[in-house]
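Asks: Just dropping this structure here.
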Amino acid sequence: MPELPEFLAAAEAWLEAGYSRVATEQRGRFRWGEGSDEVHVFQEPDPVEEADAVPRIRAWRAALWDGGYGWISGPKEYGGAGLSRSYEAAFNRLTRKFDVPGDAALTVSLGMIAPTILRHADEGQKRRYLPALYRGDLIACQLFSEPGAGSDLASIESKATPEGDGWLITGQKVWTSGAHLADIGEIICQTSPGPRHHNLTAFLVDMHAPGVMVRPLRQMTGGAAFNEVFLDGVRVPGDARLDAVGEGWRVALTTLSHERSAMGHSSFGGAGILSTERLMELVRHAGNAHDSVVRRDFGELITQLRVARYAQEVMAERARAGQPPGPEIALNKLALSANMAALAGFVAGVLGPKVIADTGEWGTYAWTSVVLGAPGYRLGGGSDEVLKNMIAERVLGLPRPS
Amino acid sequence: MSAVSTRPNLSAAAEHDELRRTVRQFLADMPPVRSVMEATEGFDRAAWRRMAEQVGLQALLVPERYEGLGQGATEANVVFEEMGRALYSGPYFASAALAVYVLLCSGDEAACRDLLPGIAAGTTIATAALDGSSAPILHGHVADLLLVTDGSSLFAVDAGIQAQPIDSLDLTRKLATVKFERGSARPVGKEGGAPKTIAAATDRALVCLAAEEAGGAARCLEMSVAYAKQREQFGRPIGSFQAIAHRCVEMLQRVEFARAAARYAASCLDEETGEFPIAARVAAAYCGQAYRWVAGESIQVHGGIGFTWEHDAHLHYRRAWADEALLGTTDQHYLAIADRLGL
Numbered sequence: 001m002p003e004l005p006e007f008l009a010a011a012e013a014w015l016e017a018g019y020s021r022v023a024t025e026q027r028g029r030f031r032w033g034e035g036s037d038e039v040h041v042f043q044e045p046d047p048v049e050e051a052d053a054v055p056r057i058r059a060w061r062a063a064l065w066d067g068g069y070g071w072i073s074g075p076k077e078y079g080g081a082g083l084s085r086s087y088e089a090a091f092n093r094l095t096r097k098f099d100v101p102g103d104a105a106l107t108v109s110l111g112m113i114a115p116t117i118l119r120h121a122d123e124g125q126k127r128r129y130l131p132a133l134y135r136g137d138l139i140a141c142q143l144f145s146e147p148g149a150g151s152d153l154a155s156i157e158s159k160a161t162p163e164g165d166g167w168l169i170t171g172q173k174v175w176t177s178g179a180h181l182a183d184i185g186e187i188i189c190q191t192s193p194g195p196r197h198h199n200l201t202a203f204l205v206d207m208h209a210p211g212v213m214v215r216p217l218r219q220m221t222g223g224a225a226f227n228e229v230f231l232d233g234v235r236v237p238g239d240a241r242l243d244a245v246g247e248g249w250r251v252a253l254t255t256l257s258h259e260r261s262a263m264g265h266s267s268f269g270g271a272g273i274l275s276t277e278r279l280m281e282l283v284r285h286a287g288n289a290h291d292s293v294v295r296r297d298f299g300e301l302i303t304q305l306r307v308a309r310y311a312q313e314v315m316a317e318r319a320r321a322g323q324p325p326g327p328e329i330a331l332n333k334l335a336l337s338a339n340m341a342a343l344a345g346f347v348a349g350v351l352g353p354k355v356i357a358d359t360g361e362w363g364t365y366a367w368t369s370v371v372l373g374a375p376g377y378r379l380g381g382g383s384d385e386v387l388k389n390m391i392a393e394r395v396l397g398l399p400r401p402s
Numbered sequence: 403m404s405a406v407s408t409r410p411n412l413s414a415a416a417e418h419d420e421l422r423r424t425v426r427q428f429l430a431d432m433p434p435v436r437s438v439m440e441a442t443e444g445f446d447r448a449a450w451r452r453m454a455e456q457v458g459l460q461a462l463l464v465p466e467r468y469e470g471l472g473q474g475a476t477e478a479n480v481v482f483e484e485m486g487r488a489l490y491s492g493p494y495f496a497s498a499a500l501a502v503y504v505l506l507c508s509g510d511e512a513a514c515r516d517l518l519p520g521i522a523a524g525t526t527i528a529t530a531a532l533d534g535s536s537a538p539i540l541h542g543h544v545a546d547l548l549l550v551t552d553g554s555s556l557f558a559v560d561a562g563i564q565a566q567p568i569d570s571l572d573l574t575r576k577l578a579t580v581k582f583e584r585g586s587a588r589p590v591g592k593e594g595g596a597p598k599t600i601a602a603a604t605d606r607a608l609v610c611l612a613a614e615e616a617g618g619a620a621r622c623l624e625m626s627v628a629y630a631k632q633r634e635q636f637g638r639p640i641g642s643f644q645a646i647a648h649r650c651v652e653m654l655q656r657v658e659f660a661r662a663a664a665r666y667a668a669s670c671l672d673e674e675t676g677e678f679p680i681a682a683r684v685a686a687a688y689c690g691q692a693y694r695w696v697a698g699e700s701i702q703v704h705g706g707i708g709f710t711w712e713h714d715a716h717l718h719y720r721r722a723w724a725d726e727a728l729l730g731t732t733d734q735h736y737l738a739i740a741d742r743l744g745l
């Protein structure tokens with residue numbers, strides 16, 4: 001195993017050879033009035049931009065994979081580099097110095113579905129899917145929620161029935177991020193009438209198969225970051241089943257725990273909208289940097305955002321030391337939804353009338369997307385209320401809440 | 403070369419289980435806080451001596467060249483969490499953290515050499531009054547050494563201290579009014595150097611206080627969850643009602659985040675990262691608020707029994723409210739964060 005400094009030196013040389021450096025003074029720096037003032041709350045790119053971006057993301061993943069950096073912490077037998085997570089984290093920090101496409105669009109694919117496959121798939125599936133996902137040859141989505149199964153996810157009604165040596169899937173899924181880009185979907189279906197939690201089975205369904213229809217779902221922000229997915233007699237082969245028949249609930253729990261962790265990761269906002277510099281510029285340009293109430297509120301917001309980051313760093317460090325987080329990881333998601341709501345309140349207070357009507361002034365009305373997006377954060381990734389039930393039972397050991 | 407690192411080292415925390423066990427056991431063996439809080443001094447001197455002789459806790463943050471253990475903020479974080487859990491009522495925070503940090507931050511070699519060994523040995527009880535006013539002083543009534551300021555310079559007073567304990571909200575951490583002879587004051591650090599020293603020492607002491615608050619909040623949560631499992635109403639444990647269960651989860655979140663914030667800030671201090679000035683105030687603000695809220699909700703989860711004199715819930719509640727006025731209020735911390743970030 002290479003020492004970390006050697007590893008990083010080699011990685012930097014590799015990045016240097018293929019990508020341009022971001023000038024130090026520009027890196028992560030927010031400049032008022034420059035470029036787009038869009039405030040991204042959900043990933044809802046313009047379809048044209050997206051069509052352009054996806055091939056670049058796939059090319060970036062392929063280059064990473066071929067360079068040996070595609071799955072740094074992954075087991076060697078599936079093409080990973082077999083190094084510890086600290087190498088991966090260090091590499092990811094290093095990439096921020098370069099102009100690279102990044103993996104934000106692959107959060108579901110690599111942050112949720114790939115770890116589920118690693119844990120639940122059989123040997124053949126691991127070899128087939130893991131390199132393809134990390135290489136960007138395949139993009140995956142998560143087909144869980146249904147119109148009738150939201151908080152009560154175990155009441156899923158999509159059905160998979162045996163047919164020949166495969167299965168036939170019929171049902172409707174909703175709130176699926178990235179389904180329109182995905183090549184495969186992790187789907188949970190009912191495979192028997194009961195008993196509850198033991199009647200579900202997970203599959204990896206080909207999103208290009210006949211009978212799969214994906215329709216954008218427009219949310220209250222006006223954009224469409226999610227999809228509805230209709231499956232009408234979709235034929236899936238027998239080797240597309242993930243883990244045993246009746247084990248779907250356990251598979252789903254694995255994916256959900258990774259989802260909460262992946263969601264919590266944005267609670268301090270590398271994404272930019274929670275950047276300290278951006279918020280300070282907003283306050284300055286709104287002309288209330290000298291208002292002591294605003295300064296106090298700013299300090300409070302920063303406190304909440306930073307503590308969310310500190311908590312994640314402490315958890316991540318514990319994980320690296322061999323104590324991976326249990327269900328308490330969901331605390332990060334609770335922090336995220338609280339922080340989005342706090343951010344909405346803060347910017348609305350700072351902007352006043354500028355947040356209710358578009359005067360054309362740069363960087364003002366754009367913040368309405370936080371005001372409109374914040375409620376979704378409380379619902380997504382398991383509603384805050386359902387997560388509190390889960391934490392009460394599984395972390396605090398309280399009797400199942402009712 | 404003392405390179406300023408950019409990332410704190412959080413991994414050390416796992417190595418401190420042994421320290422935590424030792425401190426927890428030591429505090430568990432002490433006379434119950436209720437028996438000592440009624441006494442004038444408010445703490446048990448024999449236990450204070452044992453703490454110094456058997457565990458050496460008073461020496462924790464004192465560098466080895468001043469006869470201390472030379473441990474860092476990360477180790478202190480563990481000790482203060484335990485102190486907070488146990489509502490330790492002696493002058494540990496005042497003497498072993500606040501006064502030690504004031505002396506160290508003053509950069510006064512001679513004063514450190516003369517005064518720190520006694521503090522480390524537990525034979526000197528020190529405290530500090532840093533706002534220059536006549537406000538009550540933490541443990542002033544038992545202090546052998548007083549660090550005071552006239553707003554411009556710092557002084558150490560170790561003779562002719564006249565102190566009077568006064569009624570205070572926090573029954574487990576006493577305050578006193580203090581008078582002393584100006585003639586007996588020894589200058590500490592550079593003339594006019596007090597504001598800088600006090601600012602640096604306050605940030606450091608706040609990180610200890612934050613850990614103490616996180617520990618106190620953790621204890622409130624523990625008591626609440628245990629009670630919610632055992633207390634039955636409407637024929638079932640109250641912890642099975644979402645109104646109680648969700649409240650307990652919200653308490654857990656604040657406890658976990660408070661502990662992380664204090665630990666992170668401690669690590670920033672030990673690793674001298676550039677984020678320390680922000681992290682210190684973030685931890686101070688967050689932990690202060692968290693403890694106050696958790697202690698208040700803990701009374702509610704306990705219901706009527708939580709509002710009785712005999713239950714410990716109010717001891718934490720009192721401590722939490724008092725803490726928030728000790729070294730700056732939460733709002734002052736928020737404003738400091740805005741200042742320090744350059745808003």
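Chains as they are written, first to last, in this note's numbering: chain A, 1 to 402; chain B, 403 to 745. Glycine included, every Cβ here is placed at the ideal spot set by N, Cα and C. Model, not experiment: these values are computed from the prediction.
Among the candidates A:ASP291, A:VAL251, A:ARG295, A:MET315, whose CA atom is the shortest distance from the CA of ALA202 (chain A)?
Replies: Taking the first residue of the first sequence as position 1, residue 202 (chain A) is located at position 202. Of the candidates A:ASP291, A:VAL251, A:ARG295, A:MET315, the one whose C-alpha sits nearest the C-alpha of ALA202 (chain A) is A:VAL251.
Asks: Going by DSSP in three states, LEU729 (chain B) sits in which element: helix, strand or coil?
Replies: Position 327 of the second sequence holds residue 729 (chain B). It is coil, neither helix nor strand.
Asks: Quick one: grab the DSSP three-state call for LEU379 (chain A).
Replies: In the first sequence, counting from the first residue as 1, residue 379 (chain A) sits at position 379. LEU379 (chain A): helix per DSSP, three-state reduction.
Asks: Buried or exposed: which applies to ALA441 (chain B), given that a residue is buried once 16 or more other Cβ atoms fall within 10 Å of its Cβ?
Replies: Taking the first residue of the second sequence as 1, we reach residue 441 (chain B) at position 39. Exposed.
Asks: Specify the secondary structure class of LEU384 (chain A) as computed by DSSP and reduced to three states.
Replies: One-based indexing of the first sequence puts residue 384 (chain A) at position 384. Leu is not the amino acid found at residue 384 (chain A); the sequence shown has Asp there. ASP384 (chain A): helix per DSSP, three-state reduction.
Asks: Rounded to whole angstroms, what's the CA-CA distance from PRO538 (chain B) to ALA603 (chain B)? Just pull it up for me.
Replies: On the second sequence, position 136 is the one that residue 538 (chain B) refers to. On the second sequence, position 201 is the one that residue 603 (chain B) refers to. Going by the C-alpha atoms only, they are around 19 angstroms apart.
Asks: What does the alpha-carbon distance come out to for the pair VAL627 (chain B) and PRO399 (chain A)?
Replies: To locate residue 627 (chain B), count along the second sequence from 1; it is residue 225. To locate residue 399 (chain A), count along the first sequence from 1; it is residue 399. Whole-angstrom Cα-Cα distance: 11 angstroms.
Asks: Below 7 angstroms on C-beta distance, what does SER508 (chain B) contact in chain A?
Replies: Translated into positions along the second sequence, residue 508 (chain B) becomes position 106. Those do not exist, as SER508 (chain B) stays about 28 angstroms from chain A at its closest Cβ, beyond 7 angstroms.
Asks: Run down chain A in chain order and give the residues with a C-beta less than 8 angstroms from the C-beta of GLU658 (chain B).
Replies: Counted from its first residue, the second sequence places residue 658 (chain B) at position 256. Near GLU658 (chain B) (Cβ distances below 8 angstroms), the residues of chain A are ALA311, GLU328, LEU331.
Asks: For TYR468 (chain B), go through chain A and note every residue whose CB falls closer than 9 angstroms to its CB, in chain order.
Replies: Taking the second sequence and counting its residues from 1, the one referred to as residue 468 (chain B) is at position 66. Simply none; closest approach about 31 angstroms.
Asks: Which of helix, strand or coil does DSSP assign to ARG31 (chain A)?
Replies: Counted from its first residue, the first sequence places residue 31 (chain A) at position 31. Looking at ARG31 (chain A) - three-state DSSP - the assignment turns out to be coil, as it is neither helix nor strand.
Asks: Between THR599 (chain B) and VAL504 (chain B), how many whole angstroms is the CB-CB distance? I'm expecting something under 8 angstroms.
Replies: Taking the first residue of the second sequence as position 1, residue 599 (chain B) is located at position 197. Taking the first residue of the second sequence as position 1, residue 504 (chain B) is located at position 102. With a Cβ gap of about 6 angstroms, THR599 (chain B) and VAL504 (chain B) count as contacting.
Asks: Would you list, in chain order, the members of the region 613–643 of chain B that have their beta-carbon closer than 9 angstroms to a beta-carbon of chain A?
Replies: LEU623, VAL627, ALA630, LYS631, ARG638, PRO639, GLY641, SER642, PHE643
Asks: Grouping DSSP H, G and I as helix and E and B as strand, with all else coil, what is ARG606 (chain B)?
Replies: Locating residue 606 (chain B) in the second sequence gives position 204, counting from the first residue. DSSP places ARG606 (chain B) in helix when its eight states are reduced to three.
Asks: Spatial neighbours of MET439 (chain B) within its chain, please: C-beta separation below 6 angstroms, excluding the five flanking residues on both sides.
Replies: Translated into the one-based positions of the second sequence, residue 439 (chain B) becomes position 37. If we look at MET439 (chain B) and ignore the five residues flanking it on each side, its Cβ neighbours are SER491, LEU573, THR574.
Asks: Give the range of the alpha helix (DSSP H) segment to which MET432 (chain B) is assigned.
Replies: Here the question's residue 432 (chain B) lines up with position 30 in the second sequence. Per DSSP, MET432 (chain B) belongs to no alpha helix (DSSP H) and is neither H nor E.
Asks: Taking the beta carbon of PHE709 (chain B) as the centre, do at least 16 other beta carbons fall within 10 Å, making it buried, or is it exposed?
Replies: In the second sequence, residue 709 (chain B) corresponds to position 307, counting from 1. So PHE709 (chain B) ends up on the exposed side.
Asks: Taking only three categories from DSSP, how would you classify ILE539 (chain B)?
Replies: For the purposes of this step, residue 539 (chain B) is taken as residue 137 along the second sequence, with counting starting at 1. Strand at ILE539 (chain B).
Asks: Tell me the start and end of each unbroken beta strand (DSSP E) in the region 325–399 of chain A that is at least 3 residues and wholly inside, in chain order.
Replies: none
Asks: Quick one: grab the DSSP three-state call for GLY377 (chain B).
Replies: This structure cannot settle anything about residue 377 (chain B), because the visible part of chain B is limited to 403 through 745.
Asks: Give the residues of chain A in contact with ARG665 (chain B), contact being defined as C-beta atoms less than 9 angstroms apart.
Replies: Here residue 665 (chain B) refers to the residue found at position 263 when the second sequence is read from its first residue. The answer, in chain order, is TYR310, VAL314.
Asks: If the cut is a Cβ gap below 7 angstroms, which residues of chain A does THR672 (chain B) touch?
Replies: If you number the second sequence from 1, residue 672 (chain B) lands on position 270. First, the residue type needs correcting, since residue 672 (chain B) is Asp and not Thr in the sequence shown. Ordered by position in chain A, no residue passes the 7 angstroms Cβ test against ASP672 (chain B), which lies about 14 angstroms from the chain.
Asks: Should SER404 (chain B) go down as buried or exposed, given a rule of 16 or more other Cβ atoms within 10 Å for buried?
Replies: As a first step, residue 404 (chain B) is located in the second sequence; it is residue number 2 there, counting from the start. The pLDDT assigned to SER404 (chain B) is 40, lower than 50, so where the model puts this residue is not dependable, and the model offers no usable value.
Asks: Closest Cβ-Cβ distance between TYR688 (chain B) and chain A: below 9 angstroms?
Replies: Taking the second sequence and counting its residues from 1, the one referred to as residue 688 (chain B) is at position 286. Output row for TYR688 (chain B): interface = yes.
Asks: Within a Cβ cutoff of 6 angstroms, which residues of the same chain sit near PHE445 (chain B), ignoring the five residues on either side of it in sequence?
Replies: By one-based count along the second sequence, residue 445 (chain B) stands at place 43. Closer than 6 angstroms at the Cβ level, and outside the excluded window around PHE445 (chain B), lie VAL438, SER491, GLY492.
Asks: Do LEU737 (chain B) and ILE302 (chain A) come within 9 angstroms of each other at the CB atom, strictly closer than that value?
Replies: As a first step, residue 302 (chain A) is located in the first sequence; it is residue number 302 there, counting from the start. As a first step, residue 737 (chain B) is located in the second sequence; it is residue number 335 there, counting from the start. Not in contact: ILE302 (chain A) and LEU737 (chain B) (Cβ atoms no closer than 9 angstroms).
Asks: Return no unless some Cβ of chain A is closer than 9 angstroms to the Cβ of CYS650 (chain B).
Replies: Along the second sequence, one-based indexing puts residue 650 (chain B) at 248. Cβ-Cβ to chain A under 9 angstroms: yes for CYS650 (chain B).
Asks: Can the beta-carbon of GLY618 (chain B) be found less than 9 angstroms from the beta-carbon of HIS718 (chain B)?
Replies: Mapped onto the second sequence, residue 618 (chain B) falls at position 216. Mapped onto the second sequence, residue 718 (chain B) falls at position 316. Yes. Within cutoff.
Asks: From the DSSP output, in three-state form, read off GLY211 (chain A) for me.
Replies: As a working mapping, residue 211 (chain A) is identified with position 211 in the first sequence. Here GLY211 (chain A) sits in coil by DSSP.
Asks: DSSP on PRO519 (chain B), reduced to helix/strand/coil?
Replies: By 1-based counting over the second sequence, the position of residue 519 (chain B) is 117. Note: PRO519 (chain B) maps to helix in three-state DSSP.
Asks: DSSP three-state label for ALA244 (chain A), please.
Replies: In the first sequence, residue 244 (chain A) corresponds to position 244, counting from 1. If DSSP states are grouped into helix, strand and coil, ALA244 (chain A) belongs with coil.
Asks: Going by CA-CA distance only, name the one from B:ALA613, B:PRO639, B:ARG633, B:ALA513 that's closest to PRO589 (chain B).
Replies: If you number the second sequence from 1, residue 589 (chain B) lands on position 187. The option with the nearest alpha carbon to PRO589 (chain B) is B:ALA513.
Asks: Taking only beta-carbon atoms, is VAL406 (chain B) less than 9 angstroms away from chain A?
Replies: Position 4 of the second sequence, counted from the start, is the residue given in the question as residue 406 (chain B). With a pLDDT of 48 at VAL406 (chain B), under the threshold of 50, the modelled position of this residue cannot be trusted, and the question is left open.
Asks: Quick one: grab the DSSP three-state call for ALA271 (chain A).
Replies: As a working note, residue 271 (chain A) is residue 271 in the first sequence. Note that ALA271 (chain A) scores 45 on pLDDT, short of 50, meaning its location in the model is unreliable and no value can be drawn from it.
Asks: Residues in the same chain with beta-carbon distance under 6 angstroms from GLY269 (chain A), minus the five sequence neighbours each way, listed in chain order, please.
Replies: Against the first sequence, residue 269 (chain A) aligns to sequence position 269. Unreliable positioning characterises GLY269 (chain A) in this predicted model, as indicated by a pLDDT of 41, which lies under 50. The coordinate reading is nonetheless provided below. So no residue of the chain qualifies.
Asks: Going by alpha carbons, who is nearest to LEU4 (chain A) out of A:ASP46, A:ARG85, A:GLY35, A:GLU16?
Replies: Here residue 4 (chain A) refers to the residue found at position 4 of the first sequence. Closest by alpha carbon: A:ARG85.
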